[in-house]
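Undergrad:
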Amino acid sequence: MEEKVLKPLLSSEDLIEHMENRGIKFEQMSKEKALSFLKYNNNYFKLSSYRKNFPKYTEGKKKELYIDLDFAYLVDLSTIDMHLRHILLKMTLDIEHYVKVNLLQHIESNQNEDGYQIVREFVEDSLAENGTSKIIRDIKKNAGNPYCGELLDKYRISESSKIEDFPVWAFIEVISFGTLRRFNNFYYKKNNIKDKYDIRFLLITVNQIRNAVAHNNCIINNLYPIHPKSIKKFNANDRVMEFLSEAKIKKSMRSTKMKNPRLKQIITMLYVFDKIVTSDAIKKSRYEELLSFVNGRMRKKEIFYKNNPTIMSTYKFVKKISMHLYIKCKKNNKKTIDII
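Numbering follows numbering that gives the first Met the number 0, with no gaps: position 15 of the sequence shown is 14.
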């Protein structure tokens, strides 16, 4: 087996030279400013990932060098990404809240549930082969947490290896989003409740994008469609595609953009948000913020991307959806939605 060659640790000065050798220009931003940016604002590994949005020469003397890519473009995309992550995080937190609200409403109206038994059954169902529950272990890690430690002490969770009398309204406040999603599925499956909007199925996507934005992962560092061999794995949900159709997105654009797993996750999250959040005020606030971002920060330096059809078409795609959600919210600001 051929020994793997590890990449050397390069200084910021070396990285500037490395980028220049790959065809990245320093015309919109000087090398001096680029050097300062790398040292104090961003790291090369994350910043350079946005280069995936730019094509390379495929032949001639410039083969494998980037076409029309300036360091300033990478900086701008990283800034756009940061603002987008902040908006997406707010929306995923809103979704989490309304999953809890909707779940409690159903449990409270269910005469067969007392608010305790469903928690016991869920924890028992999650028992590992050795008889311990990862859910309990994860919850007990918060015993010293100033935000939920007192709640655990109140129900003596930190002292026990199992849950006896932990009510659902307290339980959902100390579990992770992933556990909440599984608990939500467990309850609806047990009670044979139909999910006409596919919300429960799509919450795994919301969970993934929430984790990504919360950990500051890059979101828009690759906007190209995935390789055809992998398309089946990333097929978009039919209801989400209908959602795009309602937004007057042409079929060709829907097909192309939803073959990118990052865009697919963002759009899926927007669909879930639109269906599950019932507060007109929250919807209006989030859609206004999203539209302001699309018409403001995203367009601030759009001249950088005039020769990049992938970035420009993605901007138009996101703008159409944002406008659709905003207009829809204004028209239906008194309408509430029952997701079940």
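Every residue gets a Cβ at the ideal spot worked out from N, C-alpha and C, and that includes glycine.
Please return the same chain residues whose Cβ sits closer than 6 Å to the Cβ of P54, not counting the five positions on each side in sequence.
TA: So the qualifying residues of the chain are I66.
Undergrad: Is it the case that the segment 295 to 313 contacts the segment 264 to 276, given that we only count it when at least three CB pairs across the two stretches are under 8 Å?
TA: No: fewer than three Cβ pairs fall under 8 Å.
Undergrad: Counting Cβ pairs closer than 8 Å, one from the segment 281 to 288 and one from the segment 312 to 326, do we hit at least three?
TA: With a cut-off of 8 Å, the segment 312 to 326 and the segment 281 to 288 count as touching, because enough Cβ pairs lie within range.
Undergrad: Using DSSP with H/G/I as helix, E/B as strand and the rest coil, what is Y56?
TA: DSSP places Y56 in coil when its eight states are reduced to three.
Undergrad: Taking the alpha-carbon positions, what's the K249 to M257 distance?
TA: Straight-line Cα distance between these residues: approximately 12 Å.
Undergrad: Is Y39 helix, strand or coil when you go by DSSP?
TA: DSSP places Y39 in helix when its eight states are reduced to three.
Undergrad: According to DSSP, is L324 part of a helix, a strand, or is it coil?
TA: Looking at L324 - three-state DSSP - the assignment turns out to be helix.
Undergrad: Which residue or residues does DSSP assign as beta-bridge partners of K24?
TA: DSSP lists D69 as partners of K24.
Undergrad: Can you tell me whether DSSP reads S11 as helix, strand or coil?
TA: Correct three-state label for S11: helix.
Undergrad: Could you spell out the range, first to last residue, of the alpha helix (DSSP H) harbouring D152?
TA: That run of the alpha helix (DSSP H) goes 148 to 153.
Undergrad: With 7 Å set as the bound, which would you pick, yes or no: does the beta-carbon of I198 sit closer than that to a beta-carbon of chain B?
TA: Absent from the structure is chain B; it holds one protein chain and no more.
Undergrad: Considering only residues of the same chain and omitting the five flanking positions on each side of K318, which have a CB-CB separation below 6 Å?
TA: Within the same chain, K318 has close Cβ partners V293.
Undergrad: So I117 and S125 are in contact, right, with Cβ under 8 Å, and what is the actual spacing, rounded?
TA: Going by Cβ atoms, the distance from I117 to S125 rounds to 13 Å, so no, they are not a contact pair.
Undergrad: Just how far apart, CA to CA, sit T78 and I23?
TA: C-alpha separation (whole angstroms): 18 Å.
Undergrad: Could you check the C-alpha separation between K342 and F121 for me, to the nearest Å?
TA: As shown, the chain starts at 0 and ends at 339. That puts residue 342 outside it, with no answer to give.
Undergrad: Considering Cα atoms alone, identify which of N109, A211, N40, I94 is closest to K189.
TA: The option with the nearest alpha carbon to K189 is N109.
Undergrad: To the nearest angstrom, report how far apart L37 and Y43 are at their CA atoms.
TA: Using only the alpha carbons, I get a separation of about 6 Å.
Undergrad: Do Y72 and F303 count as a contact pair if the criterion is CB distance below 7 Å?
TA: Yes.
Undergrad: Could you check the C-alpha separation between R238 and S175 for me, to the nearest Å?
TA: Approximately 27 Å between the Cα atoms of the pair.
Undergrad: Specify, as a first and last residue, the run of the alpha helix (DSSP H) that Q110 falls within.
TA: First-last for Q110: undefined, no H or E at that position.
Undergrad: Determine the extent of the alpha helix (DSSP H) in which T255 is found, giving its start and end residues.
TA: 250 to 256 is the extent of the alpha helix (DSSP H) around T255.
Undergrad: Give every residue of the same chain whose Cβ lies closer than 6 Å to the Cβ of F185, excluding the five residues on either side of it in the sequence, and list them in chain order.
TA: Excluding positions up to five away in sequence, the list reads F121.
Undergrad: Could you pull out every residue in the same chain whose Cβ sits closer than 8 Å to the Cβ of I320, ignoring the five residues on either side in sequence?
TA: If we look at I320 and ignore the five residues flanking it on each side, its Cβ neighbours are L243, A246, I248, I266, L269.
Undergrad: Candidates S10, R209, N307: which alpha carbon is nearest R261's?
TA: Here the closest residue by C-alpha is R209.
Undergrad: Are there three or more Cβ pairs, one per stretch, closer than 8 Å when the segment 209 to 218 is compared with the segment 148 to 158?
TA: As far as the Cβ criterion goes, the segment 209 to 218 does not touch the segment 148 to 158, which means the pair count is below three.
Undergrad: What is the DSSP secondary structure of S175, counted as helix, strand or coil?
TA: In this structure, S175 counts as coil in the three-state DSSP scheme.
Undergrad: Under 7 Å Cβ to Cβ from T350, same chain only, skipping five residues before and after it: list those, please.
TA: In the structure as shown, the chain starts at 0 and stops at 339, and residue 350 therefore has no counterpart that could be examined.
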